[in-house]
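Everything on this sheet refers to the single structure shown next.
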Amino acid sequence: MKITEGVQGTFEFVEKIPPIISDFDKVIDCTSKLVTKSFACGHHHIYSALALGMPPPPVTPKNFSEILKYVWWELDKKLDAEMIKASALVTGMYCAKNGITFVIDHHSSPFAVEGSLEIIANALEEIGLSHLLCVELSDRNGKEPKEKGLTETENYLKSGRQGLVGLHASFTVGDDLLQKAVLLSEKYNSGIHVHTAEDVIDQQLTIRDYGKRIINRFKDSGVMNFPKTILAHCININIQERELLKKSNVWVVQNSESNMNNNVGRFNSSGLNENIFYGTDGMHSDMLRSAKSAFLTGRETEEIQASTVYKRLRNVHKYLNRNNFRGDGDNNFTILNYDSSTEFNQDNFPGHFIFGVESKHIESVISKGKLIVENKKLTKLNEEEILNISKEMSKKLWSKLYK
97 MKITEGVQGT FEFVEKIPPI ISDFDKVIDC TSKLVTKSFA CGHHHIYSAL
147 ALGMPPPPVT PKNFSEILKY VWWELDKKLD AEMIKASALV TGMYCAKNGI
197 TFVIDHHSSP FAVEGSLEII ANALEEIGLS HLLCVELSDR NGKEPKEKGL
247 TETENYLKSG RQGLVGLHAS FTVGDDLLQK AVLLSEKYNS GIHVHTAEDV
297 IDQQLTIRDY GKRIINRFKD SGVMNFPKTI LAHCININIQ ERELLKKSNV
347 WVVQNSESNM NNNVGRFNSS GLNENIFYGT DGMHSDMLRS AKSAFLTGRE
397 TEEIQASTVY KRLRNVHKYL NRNNFRGDGD NNFTILNYDS STEFNQDNFP
447 GHFIFGVESK HIESVISKGK LIVENKKLTK LNEEEILNIS KEMSKKLWSK
497 LYK
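Its first residue numbered 97, the sequence shown is counted upward by one per residue in my numbering.
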């Protein structure tokens, strides 16, 4: 059965409705449980899954540019097909257990890009998740990886898979690649998923090399013509750029914890429209955690309210629905056993959402009518096997780093 959310767009407290029936042979007793639409991650980096605990680089990064150079651009170049699959499986496992049934991912494996999107798609589908994928295109590794990335993107879109055209930050994307990305988006009725003004270095180098600020460059090139376009971060933008964003139909995705970790600044929605949702930027796979972080940082930057945070958490569903992406329909639910120490109702929902409800309360998850998590465990795959493979692949990856 379909369970709608409360009048304020909140979780619904289930007391007297019939149980949810999933898979036709499974009955879930939801008495006194919280039932809500499952979550979607607006910006993930599955490729970073094997980085947890990785050896430190030989040079300690002092700024964002060096973090890219010595950590992420070192790691993504050493990935292979086995590592990519392990990353997708373990990330998918964590997403599902945290109530996420739809993942928008931004992938990077420049020297193992061929077939990478299909590997990720198949792994996520094994767990029961829907997805919207792309390859991070860039000029930073030379002509051959760039061309292979373009080919991988077109082959994936041409196959009928739903996807986006991915770009790394503006300062690593030349005019020729930018034009080709826009043409691909037009050809396959897609959009651009791109890192945007995450750090001030992106603005500085874009102005130096292309004579324009980032949002102006994206507007002039056609990136912002697509309602499917996602601009990740948008931290270091000025008033004029904010005005361009406000007048556009593109979406901005906020990643608070990543921004703090990289010390690039804090998101501020001043001057923007309401097309804002949340991602994790590969830091973790927990959208409730991302929302709480956005609330805490937003209290300082824009005096944000809990109701606005919840709205932005749910805006990703509007993005997916308006653009007719499959997999985020009505029959996606998260069921929580929330053992609140105080009364919980529609009126005091905001306080419980920010300070009470956590992913640890998630008990079962339904994706497209299928029960994919039951009693906190995956139903389709063996979690221990996934973790063992992930550990094995992380050792393989780490042995290749800094050589």
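Don't be surprised by glycine CBs; every beta carbon is placed ideally from N, CA and C.
Extent of the continuous alpha helix (DSSP H) run through residue i
{"i": "Tyr374", "result": "No alpha helix (DSSP H) contains Tyr374, which is instead part of the beta strand (DSSP E) from Ile372 to Tyr374."}
{"i": "Trp494", "result": "Glu479 to Trp494"}
{"i": "Ser386", "result": "Met383 to Thr397"}
{"i": "Gln299", "result": "Val296 to Tyr306"}
{"i": "Ile431", "result": "Not the alpha helix (DSSP H): Ile431 falls in the beta strand (DSSP E), residues Phe429 to Leu432."}
{"i": "Lys466", "result": "Careful: Lys466 lies outside any alpha helix (DSSP H), inside the beta strand (DSSP E) at Lys466 to Glu470."}
{"i": "Gln275", "result": "Asp271 to Lys283"}
{"i": "Gln350", "result": "From DSSP, Gln350 is part of no alpha helix (DSSP H) but of the beta strand (DSSP E) over Trp347 to Gln350."}
{"i": "Val317", "result": "At residue 317 the sequence reads Ser, which differs from the Val that was named. Where Ser317 is concerned, the enclosing alpha helix (DSSP H) stretches over Ile310 to Ser317."}
{"i": "Ser161", "result": "Phe160 to Ile163"}
{"i": "Glu339", "result": "Ile335 to Lys342"}
{"i": "Ile450", "result": "Phe445 to Phe451"}
Cα-Cα separation between residue i and residue j, rounded to whole angstroms
{"i": "Leu43", "j": "Ile310", "result": "Here the chain has residues from 97 to 499 only, and residue 43 is not among them."}
{"i": "Met179", "j": "Glu210", "result": "14 Å"}
{"i": "Asp305", "j": "Asn357", "result": "28 Å"}
{"i": "Glu488", "j": "Ser144", "result": "15 Å"}
{"i": "Ser183", "j": "Asn417", "result": "27 Å"}
{"i": "Ile159", "j": "Arg362", "result": "Before going on, a small fix: residue 159 reads as Asn here, not Ile. Computed Cα separation, rounded: 16 Å."}
{"i": "Asp235", "j": "Phe267", "result": "9 Å"}
{"i": "Val405", "j": "Lys388", "result": "8 Å"}
{"i": "Leu496", "j": "Gly378", "result": "In the sequence as displayed, the identity of residue 496 is Lys instead of Leu. Their backbone Cα atoms lie some 21 Å apart in a straight line."}
{"i": "Asn194", "j": "Phe135", "result": "8 Å"}
{"i": "Ser118", "j": "Gly465", "result": "Annotation note: pLDDT 49 at Ser118 (below 50); position unreliable, coordinate value reported separately. Roughly 6 Å between the two C-alpha positions."}
{"i": "Gly287", "j": "Pro154", "result": "38 Å"}
{"i": "Leu327", "j": "Thr376", "result": "14 Å"}
{"i": "Asp176", "j": "Glu479", "result": "22 Å"}
{"i": "Thr100", "j": "Val348", "result": "Bear in mind that a pLDDT of 34 at Thr100, under 50, signals an unreliable position, so the model cannot answer this."}
{"i": "Ser436", "j": "Thr132", "result": "16 Å"}
{"i": "Ile468", "j": "Glu240", "result": "40 Å"}
{"i": "Gln275", "j": "Ser317", "result": "7 Å"}
{"i": "Asn285", "j": "Asn321", "result": "11 Å"}
{"i": "Asn251", "j": "Ser212", "result": "11 Å"}
{"i": "Phe407", "j": "Tyr498", "result": "Residue 407 is actually Lys in this sequence, not Phe. Roughly 43 Å separates the two Cα atoms."}
{"i": "Leu148", "j": "Thr156", "result": "17 Å"}
{"i": "Gln258", "j": "Gly245", "result": "17 Å"}
{"i": "Ile223", "j": "Ser486", "result": "15 Å"}
{"i": "Leu477", "j": "Ala219", "result": "11 Å"}
{"i": "Glu162", "j": "Ile331", "result": "18 Å"}
Residue from the options whose Cα sits closest to the Cα of residue i
{"i": "Thr430", "options": "His140, Gln442, Gly447 and Val453", "result": "Val453"}
{"i": "Thr397", "options": "Gly375, Ala192, Ser366 and Lys472", "result": "Ser366"}
{"i": "Ser490", "options": "Val186, Phe135 and Val155", "result": "Val186"}
{"i": "Asp298", "options": "Leu280, Val278 and Ile333", "result": "Ile333"}
{"i": "Leu279", "options": "Thr393, Asn364 and Val261", "result": "Val261"}
{"i": "Glu243", "options": "Ile215, Glu170 and Ala277", "result": "Ala277"}
{"i": "His448", "options": "Ala402, Asp426, Arg408 and Leu409", "result": "Ala402"}
{"i": "Asp426", "options": "Asn419, His413, His291 and Ile482", "result": "His413"}
{"i": "Asn369", "options": "Leu220, Ser352, Ala328 and Arg338", "result": "Arg338"}
{"i": "Leu384", "options": "Asn444, Leu409 and Thr393", "result": "Leu409"}
{"i": "Pro206", "options": "Thr247, Pro323 and Gly423", "result": "Thr247"}
{"i": "Asn433", "options": "Ile462, His457, Glu294 and Glu481", "result": "His457"}
{"i": "His139", "options": "Tyr166, Lys173 and His227", "result": "His227"}
{"i": "Glu232", "options": "Val269, Ile223, Asn312 and Ile196", "result": "Val269"}
{"i": "Lys254", "options": "Val290, His289, Glu214 and Leu220", "result": "Glu214"}
{"i": "Ser344", "options": "Asn471, Ile372 and Asp424", "result": "Ile372"}
{"i": "Leu483", "options": "Val296, Arg257 and Gly188", "result": "Gly188"}
{"i": "Ile196", "options": "Ser386, Val123, Ile450 and Ile400", "result": "Ser386"}
{"i": "Lys181", "options": "Leu146, Lys165, Gly238 and Lys342", "result": "Leu146"}
{"i": "Leu504", "options": "Ser463, Thr475, Asn441 and Phe451", "result": "Since the first residue shown for the chain is 97 and the last is 499, residue 504 is missing from the structure and cannot be characterised."}
{"i": "Lys315", "options": "Asn411, Ile124, Trp169 and Gln336", "result": "Gln336"}
{"i": "Ile200", "options": "Leu164, Arg422 and Ser354", "result": "Arg422"}
{"i": "Ala390", "options": "Ile450, Phe445 and Lys342", "result": "Ile450"}
Range covered by the beta strand (DSSP E) that runs through residue i
{"i": "Lys133", "result": "Lys129 to Lys133"}
{"i": "Thr404", "result": "Not the beta strand (DSSP E): Thr404 falls in the alpha helix (DSSP H), residues Ala402 to Arg418."}
{"i": "Ala328", "result": "Ile326 to His329"}
{"i": "Lys122", "result": "Lys122 to Ile124"}
{"i": "Gly262", "result": "Val261 to Leu263"}
{"i": "His380", "result": "Where His380 is concerned, there is no enclosing beta strand (DSSP E), given that its DSSP letter is neither H nor E."}
{"i": "His291", "result": "Ile288 to Thr292"}
{"i": "Val461", "result": "Ile458 to Ser463"}
Cβ-Cβ separation, residue j to residue i (assumed contact under 8 Å), whole Å
{"i": "Leu229", "j": "His264", "result": "In fact, because the Cβ distance is near 15 Å, the residues do not count as touching under 8 Å."}
{"i": "Ile142", "j": "Ile216", "result": "6 Å"}
{"i": "Ser455", "j": "Asn471", "result": "Contact flag wrong, Cβ pair sits at about 15 Å."}
{"i": "Thr325", "j": "Val346", "result": "4 Å"}
{"i": "Thr292", "j": "Ser352", "result": "Actually they are not in contact, since the Cβ atoms of Thr292 and Ser352 sit about 16 Å apart, beyond 8 Å."}
{"i": "Glu439", "j": "Val360", "result": "Not quite, the Cβ-Cβ distance comes to about 41 Å (not below 8 Å), so this is no contact."}
Any C-beta of chain B under 8 Å from that of residue i
{"i": "Ile297", "result": "Chain labels in this structure do not include chain B; a single protein chain is all it has."}
TODO: Return the chain-ordered ranges of every alpha helix (DSSP H) run that is complete within the segment 186-253 and spans a minimum of 4 residues.
DONE: The DSSP assignment places complete alpha helix (DSSP H) segments of no fewer than 4 residues inside the segment 186-253 at 212-223, in order along the chain.
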